[in-house]
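Q:
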Amino acid sequence: MPKTMTLEGPRLRLRPWREEDRAALAAINTDPEAMRHFAAPMTRAESDAWMDRLQAHVTGHGWGFWCVERRETPGCIGAVGLMPVRFAAPFAPAVEIGWRIAPAQQRQGFAEEAARLALAAGFGPLGLAEIVAFTRAMNEPSWRLMQRLGMVRGEDFEHPGLPEGHPARAHILYRLTRAAWVAQRFGGGCGCGGH
């Protein structure tokens with residue numbers, strides 16, 4: 001079984017899920033404000049089932065969508081991380097990055113800090129060649145964050161998990177390659193010397 005990763009940032013920790021995280025995660029997933037860009041808020045049972053899937057992936061692979069907590073005040077404030085795309089799409093197979101932060105913790109840069117930790121894990125130890133992100137076009141805070149992360153707009157697509165005509169079906173895609181991420185971080189060189 002792979003070693004489970006925990007990621008440490010200046011203010012945040014991305015760690016495996018614990019049983020005591022269920023209520024805090026459910027508070028986010030059942031909140032209409034937090035879920036306004038999704039098809040619908042989750043029920044508590046749906047949130048618990050989602051956490052079970054996230055934890056199973058982290059346990060089985062060592063990485064995934066981690067629990068996000070503030071280092072000085074532990075406790076779940078969201079879910080951020082990497083996950084294989086599980087639906088048929090022109091850009092799949094792929095690994096996506098995603099974030100979901102409690103409304104009271106938003107607009108403080110936590111999603112960006114956590115996403116940067118996840119990207120570093122994906123392009124560093126995990127050796128991914130590319131990471132994608134997607135959202136509804138009206139979710140401007142999310143795609144603005146994708147742009148700040150250095151991601152480049154790709155092709156629009158219809159999310160197959162939603163029915164035809166559903167207002168949340170139309171999605172926009174952003175991409176980031178490992179080469180572009182390395183160039184952003186290290187000024188265009190490979191960081192290996194000798195150039």
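UniProt numbering applies: residue 1 is where the sequence shown begins, and numbers increase by one. Cβ atoms here follow ideal geometry from the backbone N, Cα and C, with glycine treated the same way.
Which residues bound the beta strand (DSSP E) around Gly98?
A: Counting along the chain, the beta strand (DSSP E) containing Gly98 begins and ends at 95-101.
Q: Contact check, Ile101 vs Ala118 under 8 Å by CB: the rounded distance?
A: That pair is no contact at about 13 Å.
Q: Give me whichever residues DSSP pairs with Phe75 in a beta bridge.
A: Reading off the sequence, residue 75 comes out as Gly, not Phe. Answer by DSSP bridge pairing: none, since Gly75 is not bridged.
Q: Let me know the beta strand (DSSP E) ranges lying completely inside the stretch 118-167, each 3 residues or longer, listed in chain order.
A: With a minimum length of 3 residues, the continuous beta strand (DSSP E) runs that stay inside the stretch 118-167 are 130-136.
Q: Can you tell me whether DSSP reads Thr59 as helix, strand or coil?
A: Here Thr59 sits in helix by DSSP.
Q: Along the chain, where does the alpha helix (DSSP H) containing Arg185 start, and where does it finish?
A: It spans 178-186 - the alpha helix (DSSP H) in which Arg185 sits, taken as one unbroken run.
Q: Have a look at Ala40, Ala89, Ala26, Trp143 and flag the residue whose alpha-carbon is nearest the alpha-carbon of Ala133.
A: Looking at the Cα atoms, Trp143 is the closest of the given residues.
Q: In the DSSP assignment, what residue or residues form a beta bridge with Ile172?
A: Looking at the DSSP assignment, Ile172 forms a beta bridge with Thr135.
Q: Going by CA-CA distance only, name the one from Ser47, Glu20, Trp17 that's closest to Asp31.
A: Of the listed residues, the one whose Cα sits closest to Asp31 is Ser47.
Q: Here's a check: name, in chain order, each residue in its chain whose Cβ is nearer than 7 Å to the Cβ of Gly180, leaving out the five neighbours to either side.
A: For clarity, residue 180 is Ala in the given sequence; the question names Gly instead. These residues qualify, in order along the chain: Gly150.
Q: Going by DSSP in three states, Glu33 sits in which element: helix, strand or coil?
A: Glu33: coil per DSSP, three-state reduction.
Q: Helix, strand or coil, according to DSSP, for residue 196 in the structure here?
A: Here the chain has residues from 1 to 195 only, and residue 196 is not among them.
Q: What does DSSP give as the partner residues of Gly81 in its beta bridges?
A: DSSP, once it has assigned bridges, lists Phe65, Gly98 as partnering Gly81.
Q: Under the three-state reduction of DSSP, which class applies to Arg15: helix, strand or coil?
A: In the structure shown, Arg15 sits in a strand (DSSP, three-state: E or B).
Q: Alpha carbon to alpha carbon, how far is Thr59 from Pro74?
A: Cα to Cα, the separation comes out at about 21 Å.
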